[in-house]
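Below is one structure, written out as structure tokens; comments come after it.
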Amino acid sequence: MTSKESMEMEVDSSAPAEVVKNPAEGSEKGVMAGGAVGSVTCSLHPLVIMNVSEHWTREKAQEGSVKQVIGALIGKQKGRNIEIMNSFELVFSVIGGDVIIDRDYYTMKEEQCNLDSLLEYNYSYYFFS
């Protein structure tokens, strides 16, 4: 098996439980239960992963240590399906233990994303330390 093949995985929720032999341990382990239906489906676009990772990495490089980062997630929800399509960082300060988000910066980023015309989109936030 090539390294690319070992990294890719397809899931068929209607399939019976699979048992895979772990070559490192020489034992069999159940990988997943067959027929299990998830209660919520969440799709995360690669752009969001890149944005959040870049935001955290840049802040760490600038500060020289791990620091909390906060951002907005943009997506939509249809029933029990959630799709996160974009994100942007937020400017904030901590005053007396409370996180205060810069509303002017948020409004500017919201306008840049032209979110007012996209009424179907929802907003959420991410916090990492």
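Taken in order, the sequence shown gives residues 191 to 319; the numbers are from the numbering used here.
Using N, Cα and C, we set each Cβ at its ideal position, and we do this for glycine too.
field: Local conformation of N212 per DSSP, three classes
entry: Unreliable positioning characterises N212 in this predicted model, as indicated by a pLDDT of 42, which lies under 50. The coordinate reading is nonetheless provided below. N212: strand per DSSP, three-state reduction.
- request: With DSSP as the reference, label Q252 as helix, strand or coil.
  value: Annotated three-state conformation of Q252 is helix, per DSSP.
message: Suppose the cutoff is 6 Å on Cβ atoms and the five residues either side in sequence are ignored; what does the same chain contact list for S283 look like?
response: Once the five neighbours on either side are set aside, the close Cβ partners of S283 are I290.
task: Express the C-alpha separation of L280 and T297 in angstroms, rounding to a whole number.
output: The straight-line gap from Cα to Cα measures roughly 10 Å.
- request: Check Q267 in the structure and name its three-state DSSP category.
  value: If DSSP states are grouped into helix, strand and coil, Q267 belongs with the strands.
- prompt: What's the C-alpha gap between H235 and Q267?
  reply: Looking at the two C-alpha atoms, the distance is approximately 14 Å.
query: For the candidate residues I285, E301 and I272, whose alpha-carbon lies nearest to that of C232?
result: The candidate whose alpha carbon is nearest that of C232 is I272.
- request: Could you check what DSSP says for S277 in three-state terms: helix, strand or coil?
  value: Three-state result, S277: strand.
- prompt: For P232, which beta-bridge partners are listed by DSSP?
  reply: Per the sequence presented here, residue 232 reads as Cys, with Pro not at that position. Answer is I272, bridged to C232.
message: For E301 and S229, what's the separation of their Cα atoms in angstroms?
response: Taking the straight line from one Cα to the other gives about 34 Å.
query: Whole-angstrom Cβ separation of S243 and L263, contact assumed at under 8 Å?
result: With a Cβ gap of about 14 Å, S243 and L263 do not count as contacting.
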